[in-house]
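Numbering (our numbering), first residue to last: 3 to 231.
Structure record follows, encoded as structure tokens.
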Amino acid sequence: MNINDISTEKLVGMTLLQNTLKSQLGDGMEFELVYQALLNSMEGQEGNKDKGSNLISIGVGQNLNNIPIRYLSGINSSTYSIGAINQVSTISNDETMQRIYSAVNKYSEEFDVDSNLVLAVIKAESNFNPKVVSSAGAMGLMQLMPVNCEEDGVLDPFNVEDNIRGGVKQLRGHIDRYDGDIEMALMAYNAGQGTVKRRGVTSADDLYKMPKETQNYVPKVMKYYLNGL
Numbered sequence: 003m004n005i006n007d008i009s010t011e012k013l014v015g016m017t018l019l020q021n022t023l024k025s026q027l028g029d030g031m032e033f034e035l036v037y038q039a040l041l042n043s044m045e046g047q048e049g050n051k052d053k054g055s056n057l058i059s060i061g062v063g064q065n066l067n068n069i070p071i072r073y074l075s076g077i078n079s080s081t082y083s084i085g086a087i088n089q090v091s092t093i094s095n096d097e098t099m100q101r102i103y104s105a106v107n108k109y110s111e112e113f114d115v116d117s118n119l120v121l122a123v124i125k126a127e128s129n130f131n132p133k134v135v136s137s138a139g140a141m142g143l144m145q146l147m148p149v150n151c152e153e154d155g156v157l158d159p160f161n162v163e164d165n166i167r168g169g170v171k172q173l174r175g176h177i178d179r180y181d182g183d184i185e186m187a188l189m190a191y192n193a194g195q196g197t198v199k200r201r202g203v204t205s206a207d208d209l210y211k212m213p214k215e216t217q218n219y220v221p222k223v224m225k226y227y228l229n230g231l
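What follows is the structure, encoded as structure tokens:
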């Protein structure tokens with residue numbers, strides 16, 4: 003969203019919305035994810051006013067619990083398994099793990115991403131649980147947000163192959179965006195490229211500027227990546 007294209011009224015509204023979100027969510031990872039998704043939604047509405055988009059209108063003062071930021075048709079909410087991101091998976095049996103490794107090998111090769119890096123991300127994101135959903139709404143093995151699923155054509159984020167394809171594609175995009183800098187790519191994968199930009203992060207040395215969750219996330223993934231799972 004170009005700041006030059008935003009009216010004074012919209013800018014004031016966005017500032018109020020940002021302050022409201024911070025007062026309810028704090029200045030952490032959940033705020034960053036929700037705020038970025040709202041910005042993406044607002045930007046999408048500008049380009050889809052006459053297209054019957056599934057984006058929704060957002061008004062300052064709305065109860066945040068009643069705001070469905072984005073939704074994906076065809077995803078049955080009964081398949082959601084709410085739980086902590088790093089809980090030990092109770093459903094990743096040997097057959098599931100075989101599917102995970104097979105999909106990682108396939109899409110790592112397709113998108114030219116180190117398979118060990120992908121496995122490290124999956125370990126940190128979901129602990130190999132394909133059904134987990136975070137409190138912010140990130141889904142599946144590589145914890146894809148609804149907006150990511152829509153952008154990358156992920157129809158079922160709880161499907162092993164579909165989720166890994168979308169996650170590896172997204173990771174490849176971040177690696178390219180930051181000229182091969184893995185730690186920068188991981189910051190963007192975890193917190194969103196908008197957060198990286200807003201916080202003035204230009205190198206791995208700026209990790210301290212990121213939300214606390216991201217500060218913990220990047221070294222965790224790098225440890226798995228360099229030392230093994």
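In this text, a Cβ means the ideal position worked out from N, Cα and C, and glycines have one as well.
Bear in mind that the values here come from a model prediction, so they are computed numbers and not experimental data.
Asked, Found
"Tell me the rounded alpha-carbon separation between Lys214 and Glu127.", "15 Å"
"Starting from Val203, follow the alpha helix (DSSP H) in both directions and report where the run begins and ends.", "First-last for Val203: undefined, no H or E at that position."
"Taking the alpha-carbon of His176 as reference, which of Asp164, Asn150, Glu163 and Gly155 has the nearest alpha-carbon?", "Asn150"
"Compute the beta-carbon to beta-carbon distance between Val156 and Gly168, rounded to the nearest angstrom, for a pair I have assumed lies under 8 Å.", "4 Å"
"Thinking C-alpha only, which one of Pro132, Arg200 and Val220 is nearest Asp207?", "Val220"
"Could you check the C-alpha separation between Asp116 and Met212 for me, to the nearest Å?", "25 Å"
"So, under 8 Å CB-CB, Gly142 and Asn118 are touching, yes? Tell me the CB distance rounded to an integer number of Å.", "With 8 Å as the limit, Gly142 and Asn118 do not qualify as a contact, their Cβ atoms being about 20 Å apart."
"Assuming contact is defined by CB atoms lying nearer than 9 Å, are Ala105 and Val223 in contact in what I supplied?", "no"
"Just how far apart, CA to CA, sit Met99 and Lys225?", "21 Å"
"Name the DSSP bridge partner or partners of Leu146?", "Met141"
"Using CA coordinates, which residue listed in Val170, Arg101 and Asp154 is at the minimum distance from Ser110?", "Val170"
"Please classify Asn192: is it buried, with 16 or more other beta-carbons within 10 angstroms of its beta-carbon, or exposed?", "buried"
"Counting only beta-carbon separations shorter than 9 Å, does Pro148 have a partner in chain D?", "The structure shown has no chain D; it contains just one protein chain."
"Rounded to whole angstroms, what is the Cα-Cα separation between Ser137 and Val162?", "20 Å"
"Residues in its own chain within less than 6 Å of Gln180 by CB, not counting five upstream and five downstream?", "Residue identity check: residue 180 is Tyr in the sequence provided, not Gln. Cβ neighbours of Tyr180 beyond the five flanking positions: Met186 and Ala187."
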